[in-house]
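Those sequence lines, one after another, are chains X and E. The working numbering applies: residue 1 is where the first sequence begins, and numbers increase by one. The working numbering applies: residue 1001 is where the second sequence begins, and numbers increase by one. Just so you know, even glycine gets a beta-carbon here, dropped at the ideal spot from N, CA and C. Source: prediction; values computed, not measured. All remarks here apply to the structure that follows.
Number of protein chains: 2
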Amino acid sequence: MEDGTSKAPSYCTGTDADQARQWDVRADCDVRNILDRVADKWSLLVIALLDRQTMRFSELRRTVDGVSQRMLTVTLRRLERDGLVRRTVYPVVPPRVEYELTPLGISLHEVIKSLVIWTEDHQQEISDARSEFDRRELEAAVS
Amino acid sequence: MEDGTSKAPSYCTGTDADQARQWDVRADCDVRNILDRVADKWSLLVIALLDRQTMRFSELRRTVDGVSQRMLTVTLRRLERDGLVRRTVYPVVPPRVEYELTPLGISLHEVIKSLVIWTEDHQQEISDARSEFDRRELEAAVS
DNA sequence: CAGTATCCCTTTTGATACTG
DNA sequence: CAGTATCAAAAGGGATACTG
Chain X
1 MEDGTSKAPS
11 YCTGTDADQA
21 RQWDVRADCD
31 VRNILDRVAD
41 KWSLLVIALL
51 DRQTMRFSEL
61 RRTVDGVSQR
71 MLTVTLRRLE
81 RDGLVRRTVY
91 PVVPPRVEYE
101 LTPLGISLHE
111 VIKSLVIWTE
121 DHQQEISDAR
131 SEFDRRELEA
141 AVS
Chain E
1001 MEDGTSKAPS
1011 YCTGTDADQA
1021 RQWDVRADCD
1031 VRNILDRVAD
1041 KWSLLVIALL
1051 DRQTMRFSEL
1061 RRTVDGVSQR
1071 MLTVTLRRLE
1081 RDGLVRRTVY
1091 PVVPPRVEYE
1101 LTPLGISLHE
1111 VIKSLVIWTE
1121 DHQQEISDAR
1131 SEFDRRELEA
1141 AVS
């Protein structure tokens, strides 16, 4: 632990622990830049919602509970910029704009899906852990 | 798309599309609460770093580039509260505090790992998409 | 060493009003 | 309908000083 090689965790796909994948954790690295986008509250929800379906702006707005018009716009633009979502504008009046996942977005969704499923599967454990933590904290505060 | 069942994406594990997993997207639902924690800048990094190793506070501070002492403390407390990280205090002078993943944390790390790997594998595509988007935007701004 | 407490600045987000 | 623009509120986060 004192030799400096422990700095980055290795996402090694092989047998040894430090060859294949070395994670760059610099604040300005690409992985961090992308993760900051992906690991975003609204992005995750939007990507999940666009699973195998095209949705209009207003549909998304109604479905993603709590999102403001502004944040939905911002989120969709970022996802579009990252090549995860395709935006199609139909030149009609009133305007009709549809959003759908790109192939890249679909591949990300596969990963996100497992995250959401993990969350669903473990929400009780987490909820219990929180209660227990809070209980102990309260107990400690009394004494 | 107009029948109301399209509201929640189905994370169906079976053959049909709406039975097994229905995602609750209410703003106050458990999944959202937990996802907000997981989808956090520092949490992801800390969990990844604690992969198969125990680390001291100062080690984490040095390794997670850019994190402040305050944010590291806050992040670790949240992870501990959620039952993802175990905090062990050794009653020595100077204090020695070690952090490690709990079994729950380890299982989450498996999922996060695939997210990080996805990011690494697709960073070039995303980078290209961003350049292309920005180029078109600039082009549109000129006209 | 491993924090906590405080202050303060910056970024993010939400509400509101307006537009092609 | 699907935005954009603007402003205000809130959260996030950094720097510093202090403590068991």
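query                                                                                                                                                              : result
What are the boundary residues of the beta strand (DSSP E) that includes LEU101 (chain X)?                                                                         : 96-101
What does the Cβ neighbour count give for GLY1066 (chain E), buried or exposed, with the cut at 16 atoms within 10 Å?                                              : exposed
Can you pull the chain E residues whose beta carbon is under 7 Å from the beta carbon of GLY83 (chain X), in chain order?                                          : GLU1125, ILE1126 and ALA1129
By the three-class DSSP mapping on this structure, what secondary structure does GLU137 (chain X) have?                                                            : helix
From the DSSP output, in three-state form, read off THR1088 (chain E) for me.                                                                                      : strand
Report the neighbours of THR1119 (chain E) on chain X: residues whose CB is nearer than 7 Å to its CB, in chain order.                                             : VAL31, ILE34, LEU35 and VAL38
Beta carbon of VAL1111 (chain E), beta carbon of LEU1076 (chain E): below 9 Å?                                                                                     : no
Say whether chain X places a C-beta atom closer than 9 Å to the C-beta of ILE1112 (chain E).                                                                       : yes
With DSSP as the reference, label ARG1130 (chain E) as helix, strand or coil.                                                                                      : helix
Grab me the residues of VAL89 (chain X)'s own chain with a C-beta within less than 6 Å of its C-beta, minus the 5 sequence neighbours each way, in chain order.    : VAL97
Quick check on the DSSP output: the alpha helix (DSSP H) that includes ALA48 (chain X) runs from which residue to which?                                           : 41-49
Pick from X:ASP36, X:VAL142 and X:LEU44: whose alpha carbon is nearest that of ILE117 (chain X)?                                                                   : X:LEU44
Please list the partners that VAL93 (chain X) has in chain E, where partner means a Cβ-to-Cβ separation under 7 Å.                                                 : The premise fails here: VAL93 (chain X) is roughly 21 Å from chain E at the closest Cβ pair, so nothing lies under 7 Å.
Among residues of its own chain, excluding the 5 on either side of ALA48 (chain X), which ones have a beta-carbon nearer than 8 Å to its beta-carbon?              : HIS109, ILE112, LYS113 and VAL116
Comparing alpha-carbon positions, which option in X:ASP40, X:ARG37, X:LEU50 and X:GLU120 lies nearest GLU100 (chain X)?                                            : X:LEU50
Any C-beta of chain X sitting closer than 9 Å to the C-beta of SER1006 (chain E)?                                                                                  : Reliability fails at SER1006 (chain E), whose pLDDT of 41 lies under 50, so the model's placement of it is uncertain and the value that follows must be treated cautiously. SER1006 (chain E) counts as touching chain X.
What would DSSP say about ARG32 (chain X), mapped onto helix, strand or coil?                                                                                      : helix
Got a sec: is the Cβ-Cβ distance from ARG1026 (chain E) to anything in chain X below 9 Å?                                                                          : yes
Here's the rule: buried if 16 or more other CB atoms are within 10 angstroms of the residue's CB, otherwise exposed. What is VAL1025 (chain E)?                    : buried
To which residues does DSSP link MET1055 (chain E) through a beta bridge?                                                                                          : E:TYR1099
Measuring straight from C-alpha to C-alpha, what distance separates PRO94 (chain X) and ARG56 (chain X)?                                                           : 13 Å
Return the Cβ separation of VAL64 (chain X) and LEU72 (chain X) in integer angstroms, given the expectation that the two are a contact with Cβ distance under 8 Å. : 7 Å
Is ASP984 (chain E) helix, strand or coil by DSSP?                                                                                                                 : No answer is possible for residue 984 (chain E): the residues shown for chain E start at 1001 and end at 1143.
Tell me which residue opens and which closes the alpha helix (DSSP H) that ARG1026 (chain E) is part of.                                                           : Premise fails: ARG1026 (chain E) is in no alpha helix (DSSP H) and is neither H nor E.
Determine the burial state of ASP150 (chain X): buried for a count of at least 16 other Cβ atoms within 10 Å of its Cβ, exposed for fewer.                         : Because chain X is modelled from 1 through 143, residue 150 (chain X) falls outside the range shown and cannot be assessed.
What would DSSP say about SER107 (chain X), mapped onto helix, strand or coil?                                                                                     : helix
Measuring only the C-alpha atoms, how far is SER1006 (chain E) from THR102 (chain X)?                                                                              : Any reading at SER1006 (chain E) must be qualified, since the residue scores a pLDDT of 41, below 50, and its modelled position is unreliable; the value itself is stated next. Their backbone Cα atoms lie some 19 Å apart in a straight line.
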